[in-house]
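Notes follow once the structure below has been shown.
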Amino acid sequence: MSVILNSISFNYKKNFLTPSQPFGYNFSQASSCNLENLPIDLAAKITQNNSSDSLSGLSGKTIVIIGCSYGSGHKQAMASTAEVVKKLGVKSILVDLPNEVLLEEDYARNLTRKYLGSFSPEWSTGDIFNFLMQRKAYSIINFISGNDPKANRHPIAAPLDPRKVLKVHSYLSQFHPDAVVINYLPDIPTVIEVSRMLNIPVIHTHTDMNPRELCYKISSGCYDRFTECLPYSGFESILTSTCLSPHQVVVSGPPCNSVFDTPLSSEEIEDKMKFYGISPDKKVIVISNGINGVSSTPPYIRFIHNRYKGQPKELIPFHLVVLCGKGNQTICDNIHKKWSELIPITALTSVEVAEMRDLMSIASQGGAMLGKPGGLTVFESLKLNVPLIFDSISPEIDYFNFSHTFWVLMNRGFQVLFGASEIVPWESDNRDFIVENGLGYTCESEEKFHEILDLLSQQGIKKSVPSLKFSDEFPKILKQCLLYD
Numbered sequence: 036m037s038v039i040l041n042s043i044s045f046n047y048k049k050n051f052l053t054p055s056q057p058f059g060y061n062f063s064q065a066s067s068c069n070l071e072n073l074p075i076d077l078a079a080k081i082t083q084n085n086s087s088d089s090l091s092g093l094s095g096k097t098i099v100i101i102g103c104s105y106g107s108g109h110k111q112a113m114a115s116t117a118e119v120v121k122k123l124g125v126k127s128i129l130v131d132l133p134n135e136v137l138l139e140e141d142y143a144r145n146l147t148r149k150y151l152g153s154f155s156p157e158w159s160t161g162d163i164f165n166f167l168m169q170r171k172a173y174s175i176i177n178f179i180s181g182n183d184p185k186a187n188r189h190p191i192a193a194p195l196d197p198r199k200v201l202k203v204h205s206y207l208s209q210f211h212p213d214a215v216v217i218n219y220l221p222d223i224p225t226v227i228e229v230s231r232m233l234n235i236p237v238i239h240t241h242t243d244m245n246p247r248e249l250c251y252k253i254s255s256g257c258y259d260r261f262t263e264c265l266p267y268s269g270f271e272s273i274l275t276s277t278c279l280s281p282h283q284v285v286v287s288g289p290p291c292n293s294v295f296d297t298p299l300s301s302e303e304i305e306d307k308m309k310f311y312g313i314s315p316d317k318k319v320i321v322i323s324n325g326i327n328g329v330s331s332t333p334p335y336i337r338f339i340h341n342r343y344k345g346q347p348k349e350l351i352p353f354h355l356v357v358l359c360g361k362g363n364q365t366i367c368d369n370i371h372k373k374w375s376e377l378i379p380i381t382a383l384t385s386v387e388v389a390e391m392r393d394l395m396s397i398a399s400q401g402g403a404m405l406g407k408p409g410g411l412t413v414f415e416s417l418k419l420n421v422p423l424i425f426d427s428i429s430p431e432i433d434y435f436n437f438s439h440t441f442w443v444l445m446n447r448g449f450q451v452l453f454g455a456s457e458i459v460p461w462e463s464d465n466r467d468f469i470v471e472n473g474l475g476y477t478c479e480s481e482e483k484f485h486e487i488l489d490l491l492s493q494q495g496i497k498k499s500v501p502s503l504k505f506s507d508e509f510p511k512i513l514k515q516c517l518l519y520d
């Protein structure tokens, strides 16, 4: 391993040739890039803006922003970071590292190729992860990954893969970056090692409330030009007492899209309620399980119907907005068909970032956000003071949906046979942060949901937590890292 690393630890500034159009992308298109509507393929999308109000010393710099396709939060955080640095005159290169650079080293993809040959579905680890998350097969995910938040068990950090190191080094060297920003954990040891070899700073931005997970990925005495950006204060000691020096840990605020920094006014909320067909006397509960949604109708629709059974639709104090997930138009149509005459409800597949801000702003008026505790959802809800209800109900068997029922039974089997946890560790950390600070609830039964409905209908949840603006703090952090001597 050391021979391989030493052989490529050259002065890349002397050996670098700037590609005029990396991956066929035209630099002249950069200024018109719409960061709120980034395409799924994020590899080598370049943005640049020679803004006159750039922070001194940053204009003309280049950074590589690294994310992945595990859910949608990492790509949203990439877009948010690119949006911030674009205003500074900094050129950014966005890359989905597992799918665009390291796909040939993907364990799941190579395993299916080995045993299925030409019949291989060509699934990557990210594809399998998203598939299982959509089916709420959390126990299977924990078993495969070696995680168990209940037992505080985490996978042991594997040695660096020299093939990954070579590929990441080759990729980064094309662009001569002044810094690297990464927002997911699995490949962070590789990125840190390559950044060390190239002598450039590397910044990690969190998309969850799980800073302790970093301790299982890196060792004490970590690369001195590594900086850890925490979404909220209070976690610093976890890192400084284990693997990082105090100067390496900063609070940047959550990496949300800047639209969440500006809540809607009362008048704007009224207009948006009219737009979505919501009566002004209703409190709104937004049900969302991420961009992929879930594979069956959420049980909470039935729960709210049971709670107010026999009452006219007009007297039910809540309006449900169900985000079914992209590609789930059939579930969306079934909800409209079965429930729209019984309870106040709106079903959508997925919404754009600004629309999510609008729905959350409406829900902040005495309602709540209900779903799985994904990091960006938690961050955005905290920004807009929306109470959170964490969906902890195991999927139900649906005898009319064979595929869904199969995965429900498989997941339960992993719980019984292997004792695998029913919640993934990063979402466990998100949930604990919210519940322990009185900012939301965990819902594990219909009875508990009815209790929460009663609380919301009477007084709501008023507590909030202050946060820094990522758009204000990250430029300062980036400048300090880039001007490091």
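In terms of our numbering, the sequence shown opens at residue 36 and continues consecutively.
Note that the Cβ used here is the ideal one computed from N, Cα and C, for glycine as well.
{"Check": "Uninterrupted alpha helix (DSSP H) stretches inside the region 294-363 (no shorter than 4 residues)", "Outcome": "301-310, 335-342"}
{"Check": "Residue burial classification, Gln523 (beta-carbon count within 10 angstroms, cutoff 16)", "Outcome": "Given a span of 36 to 520 for the chain in the structure shown, any question on residue 523 remains unanswerable."}
{"Check": "Straight-line Cα distance separating Tyr343 from Asp196", "Outcome": "57 Å"}
{"Check": "Val125 versus Lys348 - alpha carbon distance", "Outcome": "53 Å"}
{"Check": "Inter-residue Cα distance where the pair is Leu517 and His239", "Outcome": "14 Å"}
{"Check": "Where Glu508 falls: helix, strand or coil (DSSP)", "Outcome": "helix"}
{"Check": "Collapsed DSSP secondary structure at Met395 in the structure displayed", "Outcome": "helix"}
{"Check": "Counterpart residues of His239 in DSSP-defined beta bridges", "Outcome": "Ile217, Glu263"}
{"Check": "Outcome for Val200 when other beta-carbon atoms lying within 10 angstroms are tallied against a minimum of 16", "Outcome": "buried"}
{"Check": "At least 3 beta-carbon pairs within less than 8 Å: the region 96-110 vs the region 126-142", "Outcome": "yes"}
{"Check": "Residue burial classification, Asp489 (beta-carbon count within 10 angstroms, cutoff 16)", "Outcome": "exposed"}
{"Check": "Which residues DSSP lists as bridging Met404, in chain order", "Outcome": "Val321, Leu423"}
{"Check": "Presumed contact (8 Å Cβ cut-off) between Cys264 and Val285, rounded CB distance", "Outcome": "6 Å"}
{"Check": "Residues bridged to Cys478 (per DSSP)", "Outcome": "Asp426"}
{"Check": "Where Leu383 falls: helix, strand or coil (DSSP)", "Outcome": "strand"}
{"Check": "Boundaries (first-last residue) of the beta strand (DSSP E) holding Ile253", "Outcome": "Where Ile253 is concerned, there is no enclosing beta strand (DSSP E), given that its DSSP letter is neither H nor E."}
{"Check": "Ordered list of beta strand (DSSP E) runs contained in the region 108-159, each at least 3 residues", "Outcome": "126-131"}
{"Check": "Beta-carbon separation (whole angstroms), Gly475 vs Leu423, contact threshold 8 Å", "Outcome": "3 Å"}
{"Check": "Extent of the continuous alpha helix (DSSP H) run through Ile469", "Outcome": "460-471"}
{"Check": "Phe449 versus Ser180: straight-line alpha-carbon distance, rounded", "Outcome": "13 Å"}
{"Check": "For Ile432, three-class secondary structure by DSSP", "Outcome": "coil"}
{"Check": "Those residues which DSSP pairs with Gly181 across a bridge", "Outcome": "Paired residues: none, contrary to the question."}
{"Check": "Three-state secondary structure assigned by DSSP to Val500", "Outcome": "coil"}
{"Check": "Sheet register partners of Gly523 (DSSP bridge)", "Outcome": "An answer regarding residue 523 cannot be provided, because it is not within the stretch 36 to 520 covered by the chain."}
{"Check": "Minimum C-alpha distance to Gly360 - residue among Ser385, Ile336, Asn369, Ile378", "Outcome": "Ser385"}
{"Check": "Rounded C-alpha distance that separates Met395 from Glu387", "Outcome": "12 Å"}
{"Check": "Identity of the residue in Leu503, Pro408, Val470, Ile469 nearest Gly106 by Cα", "Outcome": "Pro408"}
{"Check": "Within 8 Å, strictly: CB atoms of Ser427 and Glu376", "Outcome": "no"}
{"Check": "Enclosing alpha helix (DSSP H) for Glu228 [first to last residue]", "Outcome": "223-233"}
{"Check": "Straight-line gap, Ser155 to Leu146 (C-alpha atoms, nearest Å)", "Outcome": "9 Å"}
{"Check": "Per-residue DSSP class, three states only, for Thr277", "Outcome": "coil"}
{"Check": "Own chain, CB closer than 6 Å to Met113, minus 5 neighbours either side, in chain order", "Outcome": "Ile100, Gly102, Leu129"}
{"Check": "Three-state secondary structure assigned by DSSP to Asn46", "Outcome": "Note that Asn46 scores a pLDDT of 35, beneath 50, so its modelled location is shaky; the value from the coordinates is reported in the next line. Note: Asn46 maps to coil in three-state DSSP."}
{"Check": "Inter-stretch contact at 8 Å, needing at least 3 Cβ pairs: the region 134-149 / the region 158-175", "Outcome": "yes"}
{"Check": "Under 8 Å between C-beta atoms of Lys317 and His371", "Outcome": "no"}
{"Check": "Leu383 beta carbon less than 8 Å from that of Cys367", "Outcome": "yes"}
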